[in-house]
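As structure tokens, the structure follows; a few thoughts come after it.
Protein chains in written order, with this note's numbering: chain A, 687 to 842; chain B, 687 to 842.
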């Protein structure tokens, strides 16, 4: 299985980077993981302009991942339990192309064009998290999903 | 405003501890923060026994925080947006005792006795997080709530 994380802006906090490394290492047992980091449009004149510029770059990257299932993290998307999320991953692994690209937008989110270009919009919470911390939370969820799929013990 | 975090088991991962320190520091501007860490019942013979033992200790601590609003993090609780969570904190600060104790259970959660002893059960997500990572996610939410209450800029 191949999993790609498409994100906007470098990970700034060292503690988040450290947590990410831990889960990237653990995930090697289950999938090949690719990470694509787009530049944050810090030169944009407004929030809207930043969203538009970053979303354009996201769309470009999606077009070079045509055989991937496209899943966007979006606060207004569908909330899944960890078990439901695991089933989704398993289905794509076993009955579809076995490739997923997860999209995590920038600080202000993404445009409707991106929303329409994806196969699934996934909401981790009704609460807003920083677009940095969501990376860590979400990578842990992917790892948890594989432990559920494989029936591997993962407590704590 | 006084905020107490009642949690079970030490924070094991250094990157989570580092993130917690960052938000503890930032929160000093808004409230006094107390942290109580109960021992994890690692000697318990079963999951159920561990839940019962840890929950007994939680109840003891709650009884010495009688004038505090008691809020339990619980996957089956109410999901609030960050804005709704901020309103809840503001109401307690401005119109009630100004003291909250947040309870984060151990690896297997808490007993129904604890569920019944609290004023509010709050769910951050339909997904399961580790009881360690939830500390970081949740402290960030408390900080975010205060920035919303105070109209302070907090982006990223």
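By construction, the Cβ of each residue, glycine as well, lies at the ideal position given by its N, Cα and C atoms.
Hey, out of the options, whose CA is closest to residue i's CA?
{"i": "residue 834/B", "options": "814/A, 806/A, 821/A, 777/A", "result": "814/A"}
{"i": "residue 723/B", "options": "787/B, 712/B, 688/B", "result": "787/B"}
{"i": "residue 803/A", "options": "720/A, 696/A, 710/A, 748/A", "result": "748/A"}
{"i": "residue 811/B", "options": "827/B, 746/B, 756/B, 719/B", "result": "827/B"}
{"i": "residue 689/A", "options": "751/A, 839/A, 770/A", "result": "751/A"}
{"i": "residue 726/B", "options": "717/B, 714/B, 743/B", "result": "743/B"}
{"i": "residue 733/A", "options": "767/A, 797/A, 789/A, 769/A", "result": "797/A"}
{"i": "residue 789/A", "options": "718/A, 821/A, 728/A, 753/A", "result": "821/A"}
{"i": "residue 753/B", "options": "805/B, 816/B, 839/B, 825/B", "result": "805/B"}
Among residues of its own chain, excluding the 5 on either side of residue i, which ones have a beta-carbon nearer than 7 Å to its beta-carbon?
{"i": "residue 730/B", "result": "736, 739"}
{"i": "residue 809/B", "result": "760, 761, 762, 763, 764, 765"}
{"i": "residue 818/B", "result": "697, 698, 699, 702"}
{"i": "residue 799/A", "result": "741, 745"}
{"i": "residue 771/A", "result": "827, 831"}
{"i": "residue 779/A", "result": "687"}
For the putative contact between residue i and residue j, defined by C-beta atoms under 8 Å, what is the C-beta separation to the nearest angstrom?
{"i": "residue 687/B", "j": "residue 784/B", "result": "5 Å"}
{"i": "residue 795/A", "j": "residue 695/A", "result": "About 12 Å separates the two Cβ atoms, so there is no contact after all."}
{"i": "residue 823/B", "j": "residue 691/A", "result": "That belief does not hold up - the Cβ atoms of residue 823/B and residue 691/A are roughly 19 Å apart, past 8 Å."}
{"i": "residue 720/B", "j": "residue 755/B", "result": "About 14 Å; that fails the 8 Å criterion."}
Is it buried or exposed, residue i, if we count other Cβ atoms within 10 angstroms and call 16 or more buried?
{"i": "residue 714/A", "result": "exposed"}
{"i": "residue 693/A", "result": "buried"}
{"i": "residue 768/B", "result": "buried"}
Identify, in the order they occur along the chain, each residue of the same chain with its Cβ nearer than 8 Å to the Cβ of residue i, setting aside the five sequence neighbours on each side.
{"i": "residue 801/A", "result": "758, 760, 807"}
Which same chain residues end up closer than 6 Å to residue i when comparing Cβ atoms and leaving out the 5 residues on each side of it in sequence?
{"i": "residue 716/B", "result": "832"}
{"i": "residue 840/B", "result": "833"}
{"i": "residue 718/B", "result": "688"}
{"i": "residue 712/B", "result": "829"}
Given 8 Å as the limit, is there contact between the segment 771-791 of chain B and the segment 826-833 of chain B, that is, 3 or more CB pairs closer than that? Contact between the segment 771-791 of chain B and the segment 826-833 of chain B is present, because at least three Cβ pairs lie under 8 Å.
Measuring CB atoms only, is the segment 761-772 of chain B touching the segment 698-718 of chain B, in the sense that at least three cross pairs come out at less than 8 Å? Short answer: they don't touch.
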